[in-house]
Amino acid sequence: MDSGLLARRSLLRRSAAAVAVAAAAPLAAPAIARAQAAAGGAAGPIRIGEINSYTAIPAFLQPYRNAWLMAQDEVNAQGGIHGRRLETVFRDDAGRPEDAVRHAGELVNVERVHLLAGAFLSNVGLALSDFANQHRRLFVASEPLTDALVWSRGNRFTFRLRPSTYMQCAMLVEEAAKLPARRWAIVAPNYEYGQSAARWFKELLARARPDVQFVAEQYPALGRIDAGATVQALAGANPEAIFNVTFAQDLTNFVRQGNTRGLFERRHVVSLLTGEPEYLLPLGDEAPEGWIVTGYPYADLDNPRHNAFREAYRRRFNEEPRCGSVVGYDTVTAIATMLRRTGGATGTDAMIEAMRGLRFPTAFGTAEVEFRAIDHQSTLGAFVGKTALRDGRGVMVDWRYADGAKYLPPDEVVRQMRPQSAS
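Residue numbers (mature numbering (1 follows the signal peptide of the UniProt record, and there is no 0)): -33 to -1, 1 to 390.
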């Protein structure tokens, strides 16, 4: 074979190889980018997988998502995290734990997110916490309130933002113990959150007031309360005071039937979350007056940080912020603060270490919040006050901020409740 023919064949082979490489490059690029992002490579964004019950609890979670995106945009406008943008992949679990776990698997294995966040319902939060523990992924739980999340079923990978059922019940018991009532009734949704709240309210009030007794307890199915029958059962026990844990549409139905049947006349009511505008505003002029509640006095809270947050939210969404707005905003703030502490590193171990003892500002504009190293519970507090009517709608009055750090059990008690393997 002559040298000219050999040269031509060699040239053809090199040309074909070059074409093959060029053709493969666009196909390989997304995979390479995903691999770089998963490994924390500087070229890719930092990806958060956010799972929540958007279609099941829209009154809380639409404002939550609004403020989440607002906070994320603010972080990115300031250059992101060491030059890397924050990016969130949202998924709707529709209030079903099995759907939440399925989404978590897809987010971790397909979307290659660096951490998981979100959850509203307590049973969903526990399912995601178990997933995080099994798959060794950081999970920043924004809303699920059950204490099991950080205590009896706590694990190394799960942190929680909102004040828990124990914390908010302790805040309310402080006021309930001052009432003259001795005969109490309870109404709570029949799932993890309601059961946890009822347990702690009973235990904490009994400690503060050994003379009280609980004469009736009603546990309707979440989202399916038979309000007429529930009100009738409570009234039949003739309590002097009622502890309510229902929320959203269940609360609306309960209040309407209670008003119609006179359940609340000459009775004290202590109510978890009812002062949050998501649940108070839909009641309109039917909103009860004089209930002792936890909530969010969004219109009257006056300090520089909260005012700036409220005005930014108003400008962007043409509405007032809700409690969900604060939770979404603060979750992103906490995650961004943690990532700055790691120097932008997204390895799970590095992020967990940065979360332990992390301090960050809250949109409430109150004292800085800390994720406690001992149990991964944040010290975010809540507002405690009373309900009233103003211009035909429910508001909170006579409120105060209860710092979450002051409403947690002693460390030795926490150590007894939390598994040693969770440290």
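Glycine included, each C-beta is placed from N, C-alpha and C at the ideal position. What you are looking at is a predicted structure, and each value in this text was computed from that prediction instead of being measured.
### Message
Rounding to the nearest angstrom, what Cα-Cα distance links R208 and L247 in this structure?
### Response
Inspection of the sequence shows that residue 208 is occupied by Ala rather than by Arg. Going from the Cα of A208 to the Cα of L247 covers about 20 Å.
### Task
Taking P376 as the reference, give the member of E78, S131, R32 with the closest Cα.
S131
### Query
Quick one: what's got a C-beta closer than 6 Å to D217's C-beta in the same chain, skipping five residues either side?
I192
### Continuous beta strand (DSSP E) assignments of at least 3 residues falling wholly in the stretch 79 to 166
82 to 85, 106 to 108, 125 to 127, 150 to 154
### Message
Suppose you measure from the CA of T298 to the CA of A204; what does that come to, to the nearest Å?
### Response
42 Å
### Task
Using three-state DSSP, classify T329 as helix, strand or coil.
In this structure, T329 counts as coil in the three-state DSSP scheme.
### Query
Given a threshold of 16 other Cβ atoms within 10 Å of its Cβ, counted over all protein chains shown, does G310 qualify as buried or as exposed?
Exposed.
### Message
In the DSSP assignment, the beta strand (DSSP E) including R14 goes from what residue to what residue?
### Response
13 to 19
### Query
Can you tell which of S345, Y265, V362, G359 has the C-alpha that lies nearest to the C-alpha of A372?
Closest by alpha carbon: S345.
### Query
For G311, which three-state DSSP category applies?
coil
### R289 beta carbon less than 7 Å from that of P30
yes
#### Entry: E41 versus Y296: straight-line alpha-carbon distance, rounded
10 Å
### Query
Under a three-way DSSP split, which group does V(-13) fall into?
For V(-13), the pLDDT reaches just 34, beneath the cut-off of 50, and the residue's location in the model is therefore unreliable, although a value from the coordinates is still provided. Looking at V(-13) - three-state DSSP - the assignment turns out to be helix.
### Start-to-end residues for the alpha helix (DSSP H) that takes in Q383
378 to 384
### Task
Could you name the residues of the same chain whose beta carbon sits closer than 6 Å to that of R127, not counting the 5 residues immediately before and after it, in chain order?
A distance below 6 Å between beta-carbons, with the five flanking residues on each side excluded, links R127 to the following residues of its chain, in chain order: A108, L116, V117, Q344.
### Task
Within 10 angstroms of the Cβ of P64, are there 16 or more other Cβ atoms? Answer buried if so, exposed if not.
By the beta-carbon neighbour count (other beta carbons within 10 angstroms, threshold 16), P64 is buried.
#### Entry: G195 - DSSP class collapsed to helix/strand/coil
Reduced to three states, the DSSP call for G195 is helix.
### Query
In the DSSP assignment, what residue or residues form a beta bridge with A231?
Correcting the residue identity first, residue 231 is Phe in this sequence and not Ala. For F231, which the question treats as bridged, DSSP gives no partner whatsoever.
### Query
If we ignore side chains and look at the alpha-carbon of each, how far apart do F27 and V222 end up?
19 Å
### Query
According to DSSP, is Y368 helix, strand or coil?
strand
### Task
With a cut-off of 8 Å on the beta carbons, I'd call I259 and A143 a contact; round off their distance for me.
7 Å
### Cβ pair A340, R367 closer than 7 Å
no
### Query
Could you give the distance in angstroms between the alpha-carbon of D370 and the alpha-carbon of T315?
29 Å
### Query
Mind checking whether V336 and F327 have CB atoms under 7 Å apart?
yes
### Task
Give the DSSP bridge partners of G262, in chain order.
G242, F350
### Message
As a quick exercise: from E253, G47, L240, pick the residue whose alpha carbon is nearest that of C136.
### Response
L240
### Query
From E256, R234, Y280, pick the residue whose C-alpha is nearest to that of A266; which is it?
Y280
### Task
Please classify N270: is it buried, with 16 or more other beta-carbons within 10 angstroms of its beta-carbon, or exposed?
exposed
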